[in-house]
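Engineer: The sequence shown begins at 1 in full-length UniProt numbering and counts up one residue at a time.
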Amino acid sequence: MKLQPSALRPLIAPLIERPMGALGRMGVNPNVVTTLGFLVTVSAGLSFFLGNIRTGGALVLLGGVLDMVDGAIARAANLSTKFGSFYDSTLDRASEVVVLIGVMSLYLGTGRNIGEPWMVYLVVLALSGSLMVSYTRARAEGLGIDCKVGLMQRAERIILLGGSTLLFGSWRQGIVLTCVIWAMAVLTNATAMYRIYWVYRHLQTPASPASTRSRRASTPANR
């Protein structure tokens, strides 16, 4: 069974591909947009650190939009490069670290916290799970296996965290954000484990006789 519950990017991407292609033809560099998106998410982390929760949520969502825009520009204007893909993925991971460190400060700051200090451990668990989700996909793709499966991929994380903080802020001592962190902590790690299982199943699938003969024919004889 392939757990791929949402198709958020395929639904939204067609709406922005055409205007993004126009931006690419005008000379907009997708790497510049990637950098701008990273700076926006760094601002989101700083907003959480300062206690401006709704502002942080809005910036998380804006950063997520820019994360889609840079790829759309690259694809629509034929500006995709290997470095651009590497750069985008690297800054995505750094963004998640910065944002969740900012969220962590809401539970363990010098001023009034929105929840119990032990929630810091759940934030760390959510952060490690988020990084593992990305890492397992990258390693699987290095083995030639498509691994875009699971319940808590990047788009879901952005919408959950950004939407909950923008809409609810610190309402009732941040109960909505606390529930989101619980969900992220559990589901990101469950997704990472499912991806391990997914790769295991793919590697255990025996090759077809035709592909085996093809590999044998292409292998030079021992001398």
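We treat Cβ as the ideally placed atom computed from N, Cα and C, and that holds for glycine. In this text the structure is predicted, and so the values were computed from the model without any measurement.
#1: Counting C-beta neighbours from all protein chains within 10 Å, is the total for residue 107 16 or more, i.e. buried, or is it exposed?
#2: From what residue to what residue does the alpha helix (DSSP H) around residue 178 run?
#3: Exposed or buried, which one is residue 164 when buried takes at least 16 other CB atoms within 10 Å?
#4: By the DSSP assignment, the alpha helix (DSSP H) with residue 156 in it spans what residues?
#5: From residue 57 to residue 166, what distance separates their C-alpha atoms?
#6: Are residue 50 and residue 158 close, meaning C-beta to C-beta below 8 angstroms?
#7: Please report the distance separating the alpha-carbon of residue 193 from that of residue 143.
#8: For residue 31, which option in 120, 100, 55, 72 has the closest C-alpha, if you only look at C-alpha atoms?
#9: So, for residue 84: in the same chain, excluding its five sequence neighbours on each side, which residues have a beta-carbon less than 7 angstroms away from its beta-carbon?
#10: Can you list, in chain order, the residues of its chain with a C-beta nearer than 8 angstroms to that of residue 196? Leave out the 5 residues immediately preceding and following it.
#11: Just to confirm my understanding: we take residue 202, look at its own chain, exclude 5 residues before and 5 after, and list those with CB closer than 7 angstroms. What are they?
#12: Please list the segments of the alpha helix (DSSP H) lying wholly inside the segment 65 to 147, counting only runs of 4 or more residues, in order along the chain.
#13: To the nearest angstrom, how far is the alpha carbon of residue 191 from that of residue 27?
#14: Note down the Cα distance separating residue 54 from residue 176, rounded to an integer number of angstroms.
#15: Taking only the alpha-carbon atoms, compute the straight-line gap between residue 35 and residue 168 and give it to the nearest angstrom.
#16: Pop quiz: residue 67 and residue 92 are said to be a contact at Cβ under 8 angstroms. What is the actual Cβ separation, rounded to whole angstroms?
#17: Buried or exposed for residue 141, going by 16 or more other Cβ atoms inside 10 Å?
#18: Return yes when the Cβ of residue 129 is within less than 8 angstroms of the Cβ of residue 95, no when it is not.
#19: Please report the Cβ distance between residue 103 and residue 48, rounded to the nearest whole angstrom; I am assuming they are in contact, meaning their Cβ atoms lie under 8 angstroms.
#20: Where does residue 7 sit, in a helix, a strand or coil, going by DSSP?
Structural biologist: So, from the data block:
#1: Result: buried.
#2: Start and end: 171 to 204.
#3: It counts as buried.
#4: Taken as a continuous stretch (DSSP letters only), the alpha helix (DSSP H) holding residue 156 covers 154 to 168.
#5: Rounded to the nearest angstrom, the two C-alpha atoms are 4 angstroms apart.
#6: Their beta carbons are not under 8 angstroms apart, which means residue 50 does not touch residue 158 by this criterion.
#7: Looking at the backbone, the Cα of residue 193 and that of residue 143 are separated by about 17 angstroms.
#8: Selection 120, 100, 55, 72 evaluated against residue 31 yields 72 as nearest (Cα-Cα).
#9: Closer than 7 angstroms at Cβ, skipping near neighbours: 30, 31, 74.
#10: 136.
#11: Excluding its 5 nearest sequence neighbours in each direction, residue 202 has C-beta neighbours in its own chain below 7 angstroms: 145, listed in chain order.
#12: For the alpha helix (DSSP H) assignment, the uninterrupted runs of no fewer than 4 residues enclosed by the segment 65 to 147 are, from N- to C-terminal side, 82 to 105, 119 to 142.
#13: Their backbone Cα atoms lie some 38 angstroms apart in a straight line.
#14: When rounded, the separation of the alpha-carbon atoms in residue 54 and residue 176 is 12 angstroms.
#15: Distance from the CA atom of residue 35 to the CA atom of residue 168, rounded to whole angstroms, is 28 angstroms.
#16: Confirmed, Cβ separation roughly 7 angstroms.
#17: By the 10 Å Cβ count, residue 141 comes out exposed.
#18: Remark: C-beta atoms of residue 95 and residue 129 do not approach each other more closely than 8 angstroms.
#19: Sure, about 5 angstroms apart at Cβ, within 8 angstroms.
#20: Confidence is the limiting factor: at residue 7 the pLDDT is only 48, short of 50, which leaves the residue's position unreliable, though a coordinate-based value still follows. The three-state reading of DSSP puts residue 7 in coil, since its state is none of H, G, I, E or B.
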